[in-house]
Structures are given as C-alpha cells and as structure tokens.
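Here the numbering used here is used: the first residue of the sequence shown is -13, the next is one more, and so on. Even glycine gets a Cβ: it sits at the ideal position worked out from N, Cα and C. Accompanying notes for the structure given below.
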Amino acid sequence: MTRITAWRRHPLARYAVLIFALALVGMAYTAFVQVGKPADAALASGRVDDVAEGKALFEAHCSSCHGLNAQGITGRGPTLIGVGAAAVDFQVSTGRMPAADSGAQAPRKPMADWVNPDAISKLGAYVQSLGGGPQVPGKEQVDAKLGDAGKGGELFRANCIQCHNWVGAGGALTRGKYAPNLNQASPTQIYEAMVTGPQAMPVFNDSTITPEEKRSMIAYITEVRAQKDPGGFGLGRIGPVTEGLVAWIAGLSALALAAIWITAKKRQKS
C-alpha cells in the first residue's frame, strides 16, 4: 500500500492518469466511428435528400410490416437494421417486397406501381443509413464478360446445385419454401442474393466467395441459359427425376399401345 500511495503522490501520476483517460476516450470514439462508417458510406454514395425521401417512402409503404423505425414487427416483417441497400434492391426490384401475403416464401412478381429505380435507390439509401450492410454492387462487379464461366461453374456446382439445380432451374425445399428459378434474375440480383441471403438462402460473404468468384458464378449462370439441349426437349432442365418420369410414362404408354395392337391383330386373324 505504501508503494501504491507513493506512486499516486508522484508528480507524474496526474499526467499518466490523463494520458490513460485520453486513450480510453480515443478507443471509444474509434469504435463508434467504425460502427457508423456504413451509414456514412450510404450518405456519401448519394445525396442527403435521398435518405430523407427514402424514409418517407419507407413510412408510406413498408412501415406497416417493418415498423416505423425498421425495427421489425413480430409476425409481420423482420428488422431491416443492418441489412443494407443490396437487400432492399433485391427484394423490391424482384417484386418480392412489398409482400402480397404472409406465405412461407415471397414469390417473384411484377413490381408495385410506385416502384421505379429512383424509388428503390432512395429506399436503399435510407435503410443503408440505419446500420450499414451490403451495398448495391457496381457494374464491374457483376460484368459477366470479366468472369470465368468455367471456374464459376465449379463454384456453382459446389455451393448452389443442391437447391437451384445445375442450370439454376430451382427446386422445392422444406415447409413450403423453394429455391427460385434463376433465369429471370439479373446479374445484379444474383450478386445481391449471394451477399444478403434472401429467404432460405445462406449468405456468401466475400471471405467465403470472393467478389471475383461471384462474378465468375454470374458468368456461368448467364451463359448456361443460352445452351442448347442436344438431346431434344429440355423438360425444364429439372434433372433425372423429370426425365425418368417422362421415360416411364412414355415407355408404359408405348408398351400398352403395342399390346393393344398385337391383340387386335390376332383377333383379326382368328
């Protein structure tokens, strides 16, 4: 205790305490600024008015489900704090939001009458200002010409075919959910889906799949759409289940017709 008391009475003790206090304040300020950076980025990417107008649009069209402060309402809609402008652009541009009903999954549908690119941009700016999150990708990030379709195919088969099928035709999931067909999705929407994880889809952040790899996956998805089906009918490209069903039905029908023809021929001879 004597040593501690002596140190406290040392002429330099007050300066040490002051430096320590300043360091704590600096650390707290740095942490606060880091948290606020995504929101600052949203404001820097457009006009401050965009956020205000986006808030007005949100209150008019979205607050009934997501709350006036985007905090979410139980049984209606989740919180939008931290989801980012990319989630807004994906959900609204595909017509999934505003939702028509509260089913297991929001289907793709035509956009609402009040929705246009400018309105989506302003809504995104407002949601981005609430807590950051993934932003809408730039043109270079989604340019399929800059991607490697071969590498993208490998990544797609490793991460996506379990739900979306090898050509992105989609498929059923559990509890009424499903992986949608990707043929209607734009390159921007595909990228946004990967970084935001809508519905039952997992999030593929940049540490899991890099932006370059995402661009290559987009190159594969858009390229496979134009591929021809050398075997004839594609049957929706759903896979061997559909092909087997058609083969089974066609085979049984052919056998039945053959049996009828053979039987009728024998009756004529008798």
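Check                                                                                                           : Outcome
When Gly53, Asp87, Lys125, Leu231 are compared against isoleucine 204, the one with the closest alpha-carbon    : Lys125
The alpha helix (DSSP H) enclosing asparagine 145, as first and last residue numbers                            : 135 to 145
Endpoints, alpha helix (DSSP H) assigned at glutamate 45                                                        : 34 to 47
Nearest neighbour of aspartate 134, chosen from Glu198, Gln121, Gln175 [CA to CA]                               : Glu198
Own chain, CB closer than 8 Å to glutamine 91, minus 5 neighbours either side, in chain order                   : Gly162, Lys163, Tyr164, Gln185, Ala186
Neighbourhood of lysine 137 by C-beta, 6 Å cutoff - its chain only, sequence neighbours within 5 removed        : Ser202
For glycine 63, three-class secondary structure by DSSP                                                         : strand
Which listed residue (Ser193, Val34, Gln121) has its alpha carbon closest to that of threonine 182              : Gln121
Contact set for glycine 63: own chain, Cβ-Cβ below 6 Å, skip 5 residues either direction                        : Cys51, His52
Continuous alpha helix (DSSP H) stretch holding arginine 201: start and end                                     : 197 to 210
Nearest-angstrom Cα separation, counted from alanine 73 out to glycine 56                                       : In the sequence as displayed, the identity of residue 56 is alanine instead of glycine. Near 13 Å, if we compare the C-alpha coordinates of alanine 73 and alanine 56.
Bridge partner(s) assigned by DSSP for alanine 165                                                              : Gly157
Sequence-distant residues of its chain with Cβ nearer than 7 Å to arginine 211 (five each side left out)        : Asn169
Close Cβ partners of phenylalanine 258 (< 6 Å) along its chain, the five nearest in sequence each way excluded  : Residue coverage of the chain in this structure runs from -13 to 256, which leaves residue 258 outside it and unanswerable.
Status (buried if at least 16 other CB within 10 Å, exposed otherwise) for glycine 110                          : buried
Alanine 244 in three-state terms, based on DSSP                                                                 : helix
Minimum length 4: unbroken alpha helix (DSSP H) runs contained in the segment 68 to 106                         : 70 to 79
Where serine 239 sits in the DSSP three-state scheme                                                            : helix
Cα-Cα separation, alanine 86 to alanine 98                                                                      : 10 Å
Environment of glycine 89 [buried if 16+ CB atoms lie within 10 Å]                                              : exposed
Contact under 7 Å by Cβ, glutamate 39 with lysine 108                                                           : yes
Buried versus exposed call for aspartate 26 [16 or more other C-beta atoms within 10 Å across all chains shown] : Low per-residue confidence applies at aspartate 26: pLDDT is 49, beneath 50, and the placement is therefore not dependable enough to give any value.
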